[in-house]
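**Student:** If you count the sequence shown from 1, position 43 lands on 29 in our numbering, and the numbers rise without skipping. Don't be surprised by glycine CBs; every beta carbon is placed ideally from N, CA and C. To start, I am sharing the structure in question, which I have written as structure tokens.
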Amino acid sequence: MGKVMYKPLSAVSGALAGVLAGRLFDLLWRRLGEGDSAPDPEEKYVGWGTVLLGAALEGVIYATVRAAVKRGGATGVEKVTGTWPGPAEAQAA
């Protein structure tokens, strides 16, 4: 039951996570004083450092928000159904 319930929840929460991550990135990028949005890598007069910083920061934010939302969704499904929706076996570190 948990896995069946998790699939649609995961799809909706994934879309919302993308929107949230985009807004969070834009807010942070503006706070850094680098403009309204990350520069396009093909913009001629933007330096390598600015382009790479924007890409790295955007990647970190998207991955972190996505992981937090997925983990939160899986935890919520487990609390409601009593079943973990993903693989339950421990990974060796």
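Flag this pair as yes or no: are the beta carbons of V55 and A3 separated by less than 7 angstroms?
**Tutor:** Position 69 of the sequence shown, counting from 1, holds the residue named residue 55. Position 17 of the sequence shown, counting from 1, holds the residue named residue 3. Taking 7 angstroms as the cut-off, the Cβ atoms of V55 and A3 count as close.
**Student:** Leaving aside the five residues before and after G0 along the sequence, list all residues of the same chain whose C-beta is less than 8 angstroms from its C-beta, in chain order.
**Tutor:** By 1-based counting over the sequence shown, the position of residue 0 is 14. Around G0: R52, V55, K56.
**Student:** Let me confirm a value: V(-10) is counted as buried when at least 16 other C-beta atoms fall within 10 Å, else exposed. Which label applies?
**Tutor:** In the sequence shown, the residue the question calls residue -10 occupies position 4. Its Cβ having fewer than 16 others within 10 Å, V(-10) is exposed.
**Student:** So L18 is in the alpha helix (DSSP H); what residue range does that whole segment cover?
**Tutor:** Within the sequence shown, residue 18 is the residue found at index 32, counting from 1. Boundaries for L18: no alpha helix (DSSP H) harbours it, and the DSSP string shows neither H nor E there.
**Student:** Under the assumption that V63 contacts L(-5) (Cβ atoms under 8 angstroms), give the Cβ distance between them as a whole number of angstroms.
**Tutor:** By 1-based counting over the sequence shown, the position of residue 63 is 77. By 1-based counting over the sequence shown, the position of residue -5 is 9. Confirmed, about 7 angstroms.
**Student:** For P27, which residues in the same chain have their Cβ closer than 8 angstroms to its Cβ, ignoring the five residues on either side in sequence?
**Tutor:** Walking along the sequence shown from the start, residue 27 turns up at place 41. Cβ neighbours of P27 beyond the five flanking positions: V37, A41.
**Student:** Buried or exposed, going by whether 16 or more other CB atoms sit within 10 Å of the CB of P73?
**Tutor:** For the purposes of this step, residue 73 is identified with residue 87 of the sequence shown, where counting begins at 1. Exposed.
**Student:** Can you give me the C-alpha to C-alpha distance between L39 and V66, rounded to a whole angstrom?
**Tutor:** For this step, residue 39 is matched to residue 53 along the sequence shown. For this step, residue 66 is matched to residue 80 along the sequence shown. Across the structure, L39 and V66 are spaced so that their CA atoms are roughly 40 angstroms apart.
**Student:** Does the Cβ of G19 have 16 or more other Cβ atoms within 10 Å, making it buried, or fewer, making it exposed?
**Tutor:** Stepping through the sequence shown from its first residue, residue 19 is reached at position 33. Burial check for G19: the Cβ neighbour count within 10 Å stays below 16, so the residue is exposed.
**Student:** Take F11 as the anchor and find which of W34, V32, V46, G33 has the nearest alpha-carbon.
**Tutor:** Numbered from 1 along the sequence shown, position 25 holds the residue referred to as residue 11. Ranking the options by Cα distance to F11, first place goes to V46.
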